[in-house]
Amino acid sequence: MNPETAADDGFRAAARRWLAEHSSQAPTTGDRDELIAWQTRLVEAGLLGVMWPREYGGGGLGHREAAIAQEEIERAGVPGVFDVLGMEIFGPTFVLEAGSEQKQRYLPGILRGEELWCQLFSEPAAGSDLAGVRTRARHTEQGTWVVNGQKVWTTNAQFASFGAALVRTDPDVPKHAGLTLIVIPMDAPGVSVRGLRQISGKAEFNEVFLDDVEVPDANVIGGVGHGWAVAMRALMFERSSMALSGEGMNLRIERFANALRARPDLRHDRDALHRLGDIAVELLAVAEGSAQMVKRLRDGEAPSPAVGLNKVTLVNAAMRGCDLLGELLGPDVLAPGSEWTEAVSFLPGMRSAGGTEEVLRNNIGERVLGLPPEPRPDKNVPFSSLLAGGAA
2 MNPETAADDG FRAAARRWLA EHSSQAPTTG DRDELIAWQT RLVEAGLLGV MWPREYGGGG
62 LGHREAAIAQ EEIERAGVPG VFDVLGMEIF GPTFVLEAGS EQKQRYLPGI LRGEELWCQL
122 FSEPAAGSDL AGVRTRARHT EQGTWVVNGQ KVWTTNAQFA SFGAALVRTD PDVPKHAGLT
182 LIVIPMDAPG VSVRGLRQIS GKAEFNEVFL DDVEVPDANV IGGVGHGWAV AMRALMFERS
242 SMALSGEGMN LRIERFANAL RARPDLRHDR DALHRLGDIA VELLAVAEGS AQMVKRLRDG
302 EAPSPAVGLN KVTLVNAAMR GCDLLGELLG PDVLAPGSEW TEAVSFLPGM RSAGGTEEVL
362 RNNIGERVLG LPPEPRPDKN VPFSSLLAGG AA
């Protein structure tokens, strides 16, 4: 056994032991305060914030340990990260992109669960074409920014302390060049949040309206005009987070199989078993892709656009699994108390989360496979000209 494997096994054993001792104390409802408190306990146990620098309260370990912790949390059947946007997307982004004072200001609050985050990126006219955002930020002589615009599909905006907003600070340069990432306090004057009701009856997504919201220069992350690069870093962490969930794919396969095994009349349904086998192969491919990605990240490589392939494969395989269960189990799959109800209703939206399948496939084709890019006549045109011409 090599030292790396021994260290991994030791970390896994410690994680499993802690979870066995404390899982009975985990929340069993969706109570937000209980979930946040549980997240804080997982951080203190070294099972969340695994890769964060020690000076900001993290574990200072690697991607492999983070993946092991995630798998063991899932195996234990307890909640994991509540503030996914803070813990897995903006926290890691700020570690790389924020100034030292900004790190000291924001990172400890994320780890302790005291300050939740939301992502103020998408707009009614800027989703897949994210660089087309129209929310404006105007600089004042007092050293502040005044922000006006609308964001949409914002997860947890109703709970968040802060939002990371992609805004346009210079309309007279090409659209990718005129963007800046600014932190918006969600309780600031001029911020209003309106929930969007989902098929499940929940309202996890929101519209956010920004009307003359004033924030200081200190809230700019990564520098004025560098918002696109910072946003892409955040989206890469989002997709990496989805891809790392592939480490627990064997557990998802077992759940599908157990759901079929529980019905004696389906145990010998060859068509169902073949379809389940196809889904299992896809999920195992995601697990293998995740393992390879973990190795590259541990070797110091930056997250690659190829992580989008894992996200596409994972979501499509999971949707086929839910379709299969719906066909075989009938209305029971949506019955009150069914473990599948939320997955069946929520999964279709995951096709757009973190980037639509079409956008991710284009990224993979152009940036991984080296295929010719699609024509982009707006590439070097000032954004203000695109607006005037009706092209944005």
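Taking the numbering used here, the leading residue of the sequence shown gets 2, the next gets one more, and so forth. All C-beta atoms, glycine included, are put in the ideal place defined by N, C-alpha and C.
Exposure of residue i, with buried meaning 16 or more beta-carbon neighbours within 10 Å
i	result
R234	buried
L329	buried
L372	exposed
E289	exposed
L97	exposed
A127	buried
P349	exposed
S129	exposed
K312	buried
E45	exposed
E340	exposed
G407	The question about residue 407 has no answer, for the chain in this structure spans 2 to 393.
P306	buried
D379	buried
A232	buried
P4	For P4, the pLDDT reaches just 49, beneath the cut-off of 50, and the residue's location in the model is therefore unreliable, leaving the point undetermined.
Q293	exposed
Simplified DSSP assignment, three categories, for residue i
i	result
N207	strand
W229	helix
K312	helix
R169	strand
T6	helix
P93	helix
R18	helix
E32	Just to set this straight, residue 32 is Asp in the shown sequence, not Glu. In the structure shown, D32 sits in coil (DSSP, three-state: anything other than H, G, I, E or B).
L197	strand
K380	coil
D218	helix
P186	strand
H140	strand
Q159	coil
K176	coil
E148	Per the sequence presented here, residue 148 reads as Val, with Glu not at that position. Note: V148 maps to strand in three-state DSSP.
G247	Its pLDDT being 49, under 50, G247 is placed unreliably by the model, and nothing is read from it.
T41	helix
H350	The residue asked about is misnamed: residue 350 is Gly in this sequence, not His. DSSP places G350 in helix when its eight states are reduced to three.
L370	coil
A336	coil
D213	strand
A46	coil
E239	helix
E375	coil
A263	coil
V360	helix
A99	coil
Residue j beta carbon less than 8 Å from that of residue i
i	j	result
A166	T141	no
V168	V134	yes
E73	R17	yes
T145	E215	yes
A318	L284	yes
V382	P93	no
F206	I185	no
E239	I90	yes
V225	T170	yes
P80	W39	yes
L315	V287	yes
R276	L325	yes
N149	D188	no
A132	L180	yes
A138	V147	yes
L197	A204	yes
V345	G327	yes
L182	I222	yes
V153	S123	yes
P172	F384	yes
Beta carbon proximity, residue i to chain B, threshold 8 Å
i	result
S24	The structure shown has no chain B; it contains just one protein chain.
Inter-stretch contact (C-beta, 8 Å, three-pair minimum) for the stretch 50-69 and the stretch 23-39 | no
Pair every Cβ in the stretch 117-131 with every Cβ in the stretch 55-74, then say whether three or more of these pairs are closer than 8 Å.
-> no
Is the stretch 148-161 close to the stretch 97-114, with three or more CB pairs under 8 Å?
-> no
Residue ranges of each alpha helix (DSSP H) run of no fewer than 4 residues wholly in the stretch 58-87, ordered along the chain?
-> 64-77
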